[in-house]
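Colleague: Count along the sequence shown from 1, then add 66; that gives the number in the working numbering. Built from N, CA and C at the ideal position, the CB exists for glycine as well. Okay, handing you the structure first.
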Amino acid sequence: MSGVTRRDVLKLGGAAAAAGLGFPAVLRAQPKEVVMLGLWSFTGAFSDVGPVLDRGMKLALDERGMKVQGKPIKYITRDDETKAGSATRRAEEAVDSDGAKFIMGPWSSGVALAVSEVAKRKKVFHYFSGGTEDISGARCHRYSFQWAASPYTAAKTVVDTFMQANPKAKRWHLLVADYAFGWSVEKYVKEVGKGHGIEFVGADRHPLGEREFSNYVTKAAGNKPDVVVMINFGLDAVTGAREIFNFGLTPKIPLIMTWSSGVEELVQLAPEIRENLWVGSNFYYTADTPVAREFVKSYQAKFGNP
Numbered sequence: 067m068s069g070v071t072r073r074d075v076l077k078l079g080g081a082a083a084a085a086g087l088g089f090p091a092v093l094r095a096q097p098k099e100v101v102m103l104g105l106w107s108f109t110g111a112f113s114d115v116g117p118v119l120d121r122g123m124k125l126a127l128d129e130r131g132m133k134v135q136g137k138p139i140k141y142i143t144r145d146d147e148t149k150a151g152s153a154t155r156r157a158e159e160a161v162d163s164d165g166a167k168f169i170m171g172p173w174s175s176g177v178a179l180a181v182s183e184v185a186k187r188k189k190v191f192h193y194f195s196g197g198t199e200d201i202s203g204a205r206c207h208r209y210s211f212q213w214a215a216s217p218y219t220a221a222k223t224v225v226d227t228f229m230q231a232n233p234k235a236k237r238w239h240l241l242v243a244d245y246a247f248g249w250s251v252e253k254y255v256k257e258v259g260k261g262h263g264i265e266f267v268g269a270d271r272h273p274l275g276e277r278e279f280s281n282y283v284t285k286a287a288g289n290k291p292d293v294v295v296m297i298n299f300g301l302d303a304v305t306g307a308r309e310i311f312n313f314g315l316t317p318k319i320p321l322i323m324t325w326s327s328g329v330e331e332l333v334q335l336a337p338e339i340r341e342n343l344w345v346g347s348n349f350y351y352t353a354d355t356p357v358a359r360e361f362v363k364s365y366q367a368k369f370g371n372p
C-alpha cells in the first residue's frame, strides 16, 4: 500500500487504491495483468460523452505507465448503449470472459445502478460518477464507489449561485430526465429552492433519449416562468436547449442546465443559444488549481482541445 496516494486514486479511477479498500485478493488473482473495463456510452443518449470519458481513462492510465503496483494493466472498453440491459450483459461478459476486475462507468446513473448490482454479485471493483444518491445511499455496498458531486451539492451550488445573481427570478419551470439522476437532483432543487422562496410553477419529466421537446416547451411557456431549469444531460440537454431557444423563451429568460459535462455540451450549441445560459458542472477547464492546470495541460497536449 505504500506509495499509493489519494491522488493516484483520483487519477486512475480508484484502481491503485484497491488493495487499501478491502480487495487484496483482486491483485493477487491477476499475476500477469490487471484487466480494467471502461464501460462507456459510445451509442445512445450519452454518446457525446462516452468517447470523452474513454479519453480521460486512457490519459490517466498513460500517466501511470499502464501499470498498478508493478503489474501491467490491460484496458478494454465496451459500449453500454446508455441502456441497463446492454451494460449489465457486457459487464458480465467482460468479467467472465476477459477477467475484468475493475469496472469504470457507466455515465448514466440509472445504468450504473444496474451495473453496481453486477459488481456486487461478481465481487469486482466498480467506480463511476453518477448523479443519484442511491449508489452511496439506499443501494450502497462495498464494491461500488462514486466520485462525482452528490445531487444535493450540485443542486445547492447551482440554485444558490443563480439566486444570488437573480434574486427576483422566483417562478421556475423544471424539465427533468425521468430516471435516477433526474429524480435525485429534482428533489434537492426543490428543497434548496424553498429556502429562496422559489415557486415551482411546473415540472415535466421526459424519457432518457428524448429528441422531441416541443410539447414540453409549449407547456413551460404557458406557465410564464422567470427561468426554465433542465435537469438532464448530454444530447437530451443539447436538444432541449435548442428547442427552448427556437420557441423564443431564451435568451429573454434564463435557462439553467443544472448538471452538465461542460465543454462537450456547450460546443454543440450556437453562441446565441448560450446567451443567458447557466451551467452547473463537476469540472471546467479554467479551474485555477495546480492539479487542474496540470491535467488541462496534459489533456490539451494529447488531444488538442479543452
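Do the CB positions of Pro172 and Ala185 come within less than 8 Å of each other?
Modeller: No; because the gap between Cβ atoms is not below 8 Å, this pair is not in contact.
Colleague: For Glu252, count neighbouring Cβ atoms within 10 angstroms of its own Cβ and tell me buried if that reaches 16, exposed if not.
Modeller: Counting Cβ neighbours within 10 Å, Glu252 comes out buried, since at least 16 surround it.
Colleague: Using 8 Å for Cβ pairs, my map puts Val148 next to Ala111. What's the rounded Cβ distance?
Modeller: The sequence given here has Thr at residue 148, not Val. Yes, Thr148 and Ala111 are in contact; Cβ-Cβ is about 4 Å, under 8 Å.
Colleague: Going by C-alpha to C-alpha distance, which of Ser210, Thr223, Val295 sits closest to Arg237?
Modeller: With distances taken between Cα atoms, Arg237 lies closest to Val295.
Colleague: What residue range does the beta strand (DSSP E) around Met169 cover?
Modeller: The displayed chain sequence assigns Ile, not Met, to residue 169. First-last of the beta strand (DSSP E) with Ile169: 168-170.
Colleague: Do Trp213 and Tyr245 have their CB atoms nearer than 8 Å?
Modeller: Their beta carbons are not under 8 Å apart, which means Trp213 does not touch Tyr245 by this criterion.
Colleague: Which residues in the same chain have their Cβ closer than 6 Å to the Cβ of Asn298, if we skip the five residues on either side of it in sequence?
Modeller: For Asn298, where only same-chain residues beyond five positions count, the Cβ hits under 6 Å are Ala243.
Colleague: His272 and Val225 - do their beta-carbons sit closer together than 8 Å?
Modeller: In this structure, His272 does not lie closer than 8 Å to Val225 by Cβ.
Colleague: If you count every other CB in all the chains shown that lies within 10 Å of the CB of His207, and 16 or more means buried, which is it?
Modeller: Under this definition His207 is an exposed residue.
Colleague: To the nearest angstrom, report how far apart Pro337 and Lys188 are at their CA atoms.
Modeller: About 47 Å.
Colleague: Helix or strand or just coil, what does DSSP make of Trp249?
Modeller: Here Trp249 sits in helix by DSSP.
Colleague: Please name the residue in Leu103, Thr219, Val255 whose C-alpha comes closest to that of Arg156.
Modeller: It is Leu103 whose Cα lies nearest to the Cα of Arg156.
Colleague: With 16 other CB atoms within 10 Å as the buried threshold, where does Glu199 fall?
Modeller: The residue is buried, with at least 16 neighbouring Cβ atoms inside 10 Å.
Colleague: Which of the three DSSP states, helix, strand or coil, is assigned to Tyr209?
Modeller: Coil, per DSSP.
Colleague: Cα separation between Ser280 and Gly328?
Modeller: Taking the straight line joining both Cα atoms gives about 24 Å.
Colleague: Report yes if the CB atom of Ala303 is closer than 8 Å to the CB atom of Glu331, and no otherwise.
Modeller: Contact: yes.
Colleague: CB Leu125 to CB Tyr365, shorter than 8 Å?
Modeller: Result yes, Cβ atoms of Leu125 and Tyr365 sit closer than 8 Å.
Colleague: Any idea if Asp354 is buried or exposed, counting beta-carbon neighbours within 10 angstroms, 16 or more meaning buried?
Modeller: With fewer than 16 Cβ atoms within 10 Å of its Cβ, Asp354 is classed as exposed.
Colleague: Just to confirm my understanding: we take Val258, look at its own chain, exclude 5 residues before and 5 after, and list those with CB closer than 6 Å. What are they?
Modeller: Excluding positions up to five away in sequence, the list reads Ala221, Lys222, Val225.
Colleague: Output needed for Val118: all residues of its chain with C-beta closer than 8 Å, excluding positions within five of it in sequence on either side, in chain order.
Modeller: So the qualifying residues of the chain are Ser327, Glu330.
Colleague: Give me whichever residues DSSP pairs with Val304 in a beta bridge.
Modeller: Looking at the DSSP assignment, Val304 forms no beta bridge with any residue, so it has no partner.
Colleague: If we count the other Cβ atoms within 10 Å of its Cβ and call it buried at 16 or more, is Asp128 buried or exposed?
Modeller: By the 10 Å Cβ count, Asp128 comes out exposed.
Colleague: Opposite Gly104 in the DSSP bridges: which residues?
Modeller: Its beta-bridge partners are Thr143, Met170.
Colleague: Going by alpha carbons, who is nearest to Gly390 out of Val190, Ser216, Pro291, Phe266?
Modeller: With the chain covering 67 to 372 only, the question about residue 390 has no answer from this structure.
Colleague: Pull up the distance between the alpha-carbon of Ile142 and that of Glu159, whole angstroms please.
Modeller: For Ile142 and Glu159, the distance between alpha carbons rounds to 12 Å.
Colleague: Can you tell which of Asp120, Gly116, Gly248, Glu99 has the C-alpha that lies nearest to the C-alpha of Gly136?
Modeller: Nearest option by C-alpha distance: Glu99.
Colleague: Label Gly151 either buried or exposed according to how many other C-beta atoms from any shown protein chain fall within 10 Å of its C-beta, with 16 as the threshold for buried.
Modeller: So Gly151 ends up on the exposed side.
Colleague: Among all the DSSP beta bridges, which residues are the ones paired with His192?
Modeller: In DSSP, His192 forms a bridge with Ile169, Ser210.
Colleague: What runs of the beta strand (DSSP E), each 3 residues or longer, lie entirely inside the region 228-277?
Modeller: For the region 228-277, whole beta strand (DSSP E) runs of length 3 or above, ordered along the chain, are 237-243, 265-272.
Colleague: Could you pull out every residue in the same chain whose Cβ sits closer than 7 Å to the Cβ of Lys368, ignoring the five residues on either side in sequence?
Modeller: Excluding residues within five positions, the ones whose Cβ falls inside 7 Å are Leu125.
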